[in-house]
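K.L.:
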Amino acid sequence: MALDRLGTADAPRQLFASTPAQRVALARQQFFEEGVRPSGLVGEAVIQSWMRCSRTHADRQRVVAFDAVTPSRLHTTLARNRELLDVARHELVQMEHMLAGTDCRVILTDRDGVVVHVTSQPAGTHQPVLRQTARLGVNISERVVGTTAPGIVASTGQACTVDGAEHYYDVLCHMQCAAAPIRDVSGRLAGVLDLTVEARRFGFDAASMVALHATIIENRLLQAQSRDHLILRFQASPTLLGTPLEALAGIAPDGTIAWLNNAGARLLGRLPEAPDDRDVECLLGHDLASLLRLGRREAAQPLRLASGLGVWMQAQLKGADGADFRHAVAMPDMASAQVEAPVAIDVQAQQPVALAPASETPPTETLREHSRKLIEDTLAAHGGNVSQAARQLRVSRGTLYRRLRGWRDDDSSSAAD
Numbered sequence: 121m122a123l124d125r126l127g128t129a130d131a132p133r134q135l136f137a138s139t140p141a142q143r144v145a146l147a148r149q150q151f152f153e154e155g156v157r158p159s160g161l162v163g164e165a166v167i168q169s170w171m172r173c174s175r176t177h178a179d180r181q182r183v184v185a186f187d188a189v190t191p192s193r194l195h196t197t198l199a200r201n202r203e204l205l206d207v208a209r210h211e212l213v214q215m216e217h218m219l220a221g222t223d224c225r226v227i228l229t230d231r232d233g234v235v236v237h238v239t240s241q242p243a244g245t246h247q248p249v250l251r252q253t254a255r256l257g258v259n260i261s262e263r264v265v266g267t268t269a270p271g272i273v274a275s276t277g278q279a280c281t282v283d284g285a286e287h288y289y290d291v292l293c294h295m296q297c298a299a300a301p302i303r304d305v306s307g308r309l310a311g312v313l314d315l316t317v318e319a320r321r322f323g324f325d326a327a328s329m330v331a332l333h334a335t336i337i338e339n340r341l342l343q344a345q346s347r348d349h350l351i352l353r354f355q356a357s358p359t360l361l362g363t364p365l366e367a368l369a370g371i372a373p374d375g376t377i378a379w380l381n382n383a384g385a386r387l388l389g390r391l392p393e394a395p396d397d398r399d400v401e402c403l404l405g406h407d408l409a410s411l412l413r414l415g416r417r418e419a420a421q422p423l424r425l426a427s428g429l430g431v432w433m434q435a436q437l438k439g440a441d442g443a444d445f446r447h448a449v450a451m452p453d454m455a456s457a458q459v460e461a462p463v464a465i466d467v468q469a470q471q472p473v474a475l476a477p478a479s480e481t482p483p484t485e486t487l488r489e490h491s492r493k494l495i496e497d498t499l500a501a502h503g504g505n506v507s508q509a510a511r512q513l514r515v516s517r518g519t520l521y522r523r524l525r526g527w528r529d530d531d532s533s534s535a536a537d
């Protein structure tokens, strides 16, 4: 059928569209009616989603049922995502407060697309679809409701925005949504953060906002899930540490990099797939022992990476039970093993300009050995007083007792072998 102005059949087809709505209308005609890929009219993520949906959803005009999962399954889903909800709670409250004057809704789904958190403010009467969507337990995955931003993110792991008629089903053509992924310590999708509005435009850069808060939640989740890891914070400028722009890395007890956040991957290059290529000294240019010593410093220290890039870095040692030994101090008999390398710093640029090698290389130790030595030396310094040692290490007495009991059992097992 020949079209003019994307709607009339009495004139030659118009090849170009001047507005976003016209471009999407032309894209839908090319894809759904003519079988032509509408490259350049809509994003590739939307085209790929239309292709997936076409294989499973034949009728684009049908009414979409936003059915919630059963109460028992919702209970199981919320319990399975408790850690994600705990680390996200502060950011979700902040987002809801910021958006209270808008019609936007904040939605958090699990990796399967089931809503596990939704803004407390209900949708208005002029938002009939959002009133059905924004409910706990509703499955808004691509296989259920077709093309949406959270559905695409759950399918691809990539942030995206879906606007109006870019949605697969006609009933969603008045929606606008922007979503971003949240990944866990193993690199898998843990959840999707989404902003959705109906019957109006966002009026602000929703994609940037949702990406920022998803990054904050992801960084907190990575640190919360790290057990027995040395967590490194680093960036080219010390003012970026503690912000969503900081790079994070988790160092496993065997001296390999277990995970990197997106900022860390950009500074170091993508984390190699093969475990043998993740050696911390090869990727960072510093061995495990020197990085462990950073954990004794509160302030960020200047280091030069293996690539030659100068960064500022902080280290935090977390035990297998989540205990943080960052504030532990060095015992006197360990001072000889902590010879720091001199660093020349350009004060004006606040960047490290040289990093001389240390005068002596301390023996390599694992994270478990390091934390055990800290505890044993602290106990010895306090004459075996567990309460005083726990106070200095800033952990509970129960944590120390569990550690000591575990080591005693391990030593007994080793002796029996």
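Residue numbers (this note's numbering): 121 to 537.
C-beta atoms are modelled at their ideal positions from N, C-alpha and C, and glycine is treated no differently.
Looking at C-beta atoms only, is the number of pairs between the segment 245-262 and the segment 178-196 that lie closer than 8 Å three or more?
P.N.:
yes
K.L.:
Which runs of the beta strand (DSSP E) at least 3 residues long sit entirely within the segment 166-230? Give them in chain order.
P.N.:
225-230
K.L.:
Measure from the alpha carbon of G311 to the alpha carbon of each residue in Q355, S261, G415 and F354, then state which is nearest.
P.N.:
Position 191 of the sequence shown holds residue 311. Of the candidates Q355, S261, G415 and F354, the one whose C-alpha sits nearest the C-alpha of G311 is S261.
K.L.:
Could you tell me the distance, in whole angstroms, from the CA atom of T519 to the CA atom of L513?
P.N.:
The residue you call residue 519 lines up with position 399 of the sequence shown. The residue you call residue 513 lines up with position 393 of the sequence shown. If you take the alpha carbons of T519 and L513, they lie about 11 Å apart.
K.L.:
Who are the Cβ neighbours of H287 in its own chain at under 8 Å, not counting the five residues just before and after it?
P.N.:
Start at 1 with the first residue of the sequence shown, and residue 287 comes out as number 167. Closer than 8 Å at Cβ, skipping near neighbours: G266, T267, T268, C293 and M295.
K.L.:
Going by DSSP in three states, S138 sits in which element: helix, strand or coil?
P.N.:
Within the sequence shown, residue 138 is the residue found at index 18, counting from 1. Of the three classes helix, strand and coil, the one that applies to S138 here is coil, per DSSP.
K.L.:
Does the distance from the CB of P364 to the CB of I336 come in under 7 Å?
P.N.:
Sequence index remark: in the sequence shown, residue 364 carries index 244 (1-based). Sequence index remark: in the sequence shown, residue 336 carries index 216 (1-based). Contact flag set, yes.
K.L.:
Candidates K438, R303, C173 and F322: which alpha carbon is nearest N538's?
P.N.:
The shown model of the chain, from 121 to 537, leaves out residue 538, and the question about it has no answer.
K.L.:
Just checking my contact of L412 with L350 at CB under 8 Å: how many whole Å lie between their CB atoms?
P.N.:
In the sequence shown, counting from the first residue as 1, residue 412 sits at position 292. In the sequence shown, counting from the first residue as 1, residue 350 sits at position 230. Right, the Cβ-Cβ distance comes to about 7 Å (below 8 Å), so this counts as a contact.
K.L.:
Expressed to the nearest angstrom, what Euclidean distance is found between the alpha-carbon atoms of M329 and A208?
P.N.:
Position 209 of the sequence shown, counted from the start, is the residue given in the question as residue 329. Position 88 of the sequence shown, counted from the start, is the residue given in the question as residue 208. If I take the Cα positions, the gap works out to 15 Å.
K.L.:
From which residue to which residue does the alpha helix (DSSP H) around T276 run?
P.N.:
In the sequence shown, the residue the question calls residue 276 occupies position 156. From DSSP, the alpha helix (DSSP H) with T276 extends over A269 to T276.
K.L.:
Using CA atoms only, rank isn't needed, just tell me which of S275, C297 and T276 is closest to G284.
P.N.:
Taking the sequence shown and counting its residues from 1, one reaches residue 284 at position 164. Checked all of S275, C297 and T276; the closest Cα to G284 is C297.
K.L.:
Quick one, which of L256, A378, Y289 and V156 has its alpha-carbon nearest E393's?
P.N.:
Position 273 of the sequence shown holds residue 393. E393 has its Cα closest to that of A378, out of L256, A378, Y289 and V156.
K.L.:
For A327, collect the residues of the same chain with a Cβ closer than 6 Å to its Cβ; drop the 5 residues on either side in sequence, then sort them by chain order.
P.N.:
Within the sequence shown, residue 327 is the residue found at index 207, counting from 1. For A327, where only same-chain residues beyond five positions count, the Cβ hits under 6 Å are T281 and A298.
K.L.:
I believe A331 touches A300 by the beta-carbon criterion, under 8 Å. Please report the beta-carbon distance rounded to the nearest angstrom.
P.N.:
Indexing the sequence shown from 1 puts residue 331 at position 211. Indexing the sequence shown from 1 puts residue 300 at position 180. About 5 Å; that satisfies the 8 Å criterion.
K.L.:
Please classify V236: does DSSP put it in a helix, a strand, or coil?
P.N.:
The residue labelled residue 236 in the question sits at position 116 within the sequence shown. Secondary structure at V236: strand, using DSSP grouped into helix, strand and coil.
K.L.:
Which term fits E366, buried or exposed, when burial requires 16 or more other beta carbons within 10 angstroms of its beta carbon?
P.N.:
On the sequence shown, position 246 is the one that residue 366 refers to. It counts as buried.
K.L.:
Since V317 and C173 are thought to touch, with beta carbons under 8 Å apart, how far apart are those beta carbons, to the nearest angstrom?
P.N.:
Numbered from its first residue, the sequence shown carries residue 317 at position 197. Numbered from its first residue, the sequence shown carries residue 173 at position 53. About 22 Å; that fails the 8 Å criterion.
K.L.:
Report the three-state DSSP secondary structure of D453 (helix, strand or coil).
P.N.:
Indexing the sequence shown from 1 puts residue 453 at position 333. Any reading at D453 is ruled out, since the residue's pLDDT is 39, under 50, leaving its predicted position unreliable.
K.L.:
Which word fits Y521, buried or exposed, when buried means at least 16 other C-beta atoms lie within 10 angstroms of its C-beta?
P.N.:
Against the sequence shown, residue 521 aligns to sequence position 401. Exposed, by the Cβ-count rule.
K.L.:
Going by DSSP, what residues sit across from I302 in a beta bridge?
P.N.:
The residue given as residue 302 occupies position 182 in the sequence shown. For I302, which the question treats as bridged, DSSP gives the partners G311.
K.L.:
Should T498 be labelled buried (16 or more other beta-carbon atoms within 10 Å of its own) or exposed?
P.N.:
Here residue 498 is taken as the residue at index 378 of the sequence shown, counted from 1. Classification of T498: buried, given that the 10 Å Cβ count is 16 or more.
K.L.:
At what residues does the beta strand (DSSP E) containing A369 begin and finish?
P.N.:
Counting from one through the sequence shown, the residue named residue 369 turns up at place 249. It spans A367 to I371 - the beta strand (DSSP E) in which A369 sits, taken as one unbroken run.
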